[in-house]
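**Student:** After the structure tokens below, expect a handful of questions from me.
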Amino acid sequence: MELKWKIKPFETLTVHELYDLLKVRSEIFVVEQNCVYLDIDGKDKKALHLIGEYDGKIVAYSRLFDAGISFDNASIGRVVVDANYRDKKWGHDLMREAIAGIKANFGKDKITIGAQLYLKKFYESHGFVQTSEMYLEDDIPHIEMIRGE
Numbered sequence: 001m002e003l004k005w006k007i008k009p010f011e012t013l014t015v016h017e018l019y020d021l022l023k024v025r026s027e028i029f030v031v032e033q034n035c036v037y038l039d040i041d042g043k044d045k046k047a048l049h050l051i052g053e054y055d056g057k058i059v060a061y062s063r064l065f066d067a068g069i070s071f072d073n074a075s076i077g078r079v080v081v082d083a084n085y086r087d088k089k090w091g092h093d094l095m096r097e098a099i100a101g102i103k104a105n106f107g108k109d110k111i112t113i114g115a116q117l118y119l120k121k122f123y124e125s126h127g128f129v130q131t132s133e134m135y136l137e138d139d140i141p142h143i144e145m146i147r148g149e
């Protein structure tokens, strides 16, 4: 089983891709995590959208940003894998693709993320190092992490 990856700017997303990626983000960040927050934050138009498809369905996704949009450095956000596919360990593939996408599209090695605290070891396995104290974002513990410093 292998995912088909693509990176697209906002303007090139089809209506169906946009609907499906917003659906998977909502399923994870709003419903699964029981967190009421505004997912559509105005940054989607500035992002490159990394989409992992399996059997025609978006099952992995993240946003990629150049420096100066979310953080001073390039950044990765809205990292999600559909709950029905987490046993495949595709989160690691997603992060490898996201890091490579930042390098290929923005020419950057230094990447900052706002990580949910419980995923600290996952992100550390991809070279990220904690750079902040824990803070709450939408009532969920987060930490800032940087890779490539």
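The opening residue of the sequence shown carries number 1 in the UniProt record's numbering; numbering runs sequentially from there.
For glycine and all other residues, C-beta sits at the position ideal for the given N, C-alpha and C.
Provide the residue span of the beta strand (DSSP E) that contains R86, from first to last.
**Tutor:** Here R86 belongs to no beta strand (DSSP E), and DSSP marks it neither H nor E.
**Student:** What are the complete alpha helix (DSSP H) segments, minimum 4 residues, inside the UniProt domain "N-acetyltransferase" (8-149)?
**Tutor:** Runs found: 15-25, 90-106, 120-124.
**Student:** Answer yes or no: do K108 and A74 have a C-beta to C-beta separation smaller than 8 Å?
**Tutor:** yes
**Student:** Are the segment 17-29 and the segment 113-131 in contact at 8 Å, needing three or more beta carbon pairs?
**Tutor:** no
**Student:** Could you name the residues of the same chain whose beta carbon sits closer than 8 Å to that of V129, not counting the 5 residues immediately before and after it, in chain order?
**Tutor:** M145, I146, R147, E149
**Student:** Are the Cβ atoms of F106 and H49 separated by less than 8 Å?
**Tutor:** For the pair F106 and H49, the CB atoms are not nearer than the 8 Å cut-off.
**Student:** How big is the Cα-Cα spacing for K6 and M134?
**Tutor:** 33 Å
**Student:** From T112 to D55, what distance separates their C-alpha atoms?
**Tutor:** 31 Å
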